[in-house]
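S.K.: In my numbering, the protein residues as written are 1 to 72.
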């Protein structure tokens, strides 16, 4: 990847991707990262999500689209 992806707090990502009242707990988002459902990092126990991740889009597809956009 030409550029390193930026990370955002799991709580901020949850608020961006889900409706109020449906935002998953940070522990759930962390588990999604750990099982590969969502791209991100666990740093000192805190969950961070790659900012380009969109819920409902495969992490592999999302990563490839981001790569193609950055090739321009």
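Yeah, the Cβ is synthetic: ideal placement off N, Cα and C, and Gly gets one too.
Predicted, not measured: the structure shown is a model, and the values here were computed from it.
Could you check what DSSP says for residue 23 in three-state terms: helix, strand or coil?
M.R.: The sequence position of residue 23 within the chain shown is 23, counting from 1. It is coil, neither helix nor strand.
S.K.: Are there 16 or more other CB atoms within 10 angstroms of the CB of residue 30, so buried, or fewer, so exposed?
M.R.: Here residue 30 refers to the residue found at position 30 when the chain shown is read from its first residue. Answer is buried; the Cβ neighbour count reaches 16.
S.K.: With the cut-off set at 8 Å, would you say residue 51 and residue 6 are in Cβ contact?
M.R.: As a position in the chain shown, residue 51 is number 51, starting the count at 1. As a position in the chain shown, residue 6 is number 6, starting the count at 1. Going by C-beta atoms, residue 51 is nearer than 8 Å to residue 6.
S.K.: Going by the beta-carbon positions, is the gap between residue 69 and residue 47 smaller than 8 Å?
M.R.: Looking up residue 69 in the chain shown gives position 69. Looking up residue 47 in the chain shown gives position 47. The answer is no: Cβ separation not under 8 Å.
S.K.: Using a 10 Å radius around the Cβ and a threshold of 16 neighbouring Cβ atoms, would you call residue 56 buried or exposed?
M.R.: In the chain shown, residue 56 corresponds to position 56, counting from 1. Residue 56 should be labelled exposed.
S.K.: Once you ignore the five residues that flank residue 11 on each side, which residues in its own chain have a CB closer than 7 Å to its CB?
M.R.: Along the chain shown, one-based indexing puts residue 11 at 11. Excluding sequence neighbours, residue 11 sits near 26.
S.K.: Can you tell me where the alpha helix (DSSP H) with residue 38 in it begins and where it stops?
M.R.: Counted from its first residue, the chain shown places residue 38 at position 38. Neither: residue 38 is in no alpha helix (DSSP H) and is coded neither H nor E.
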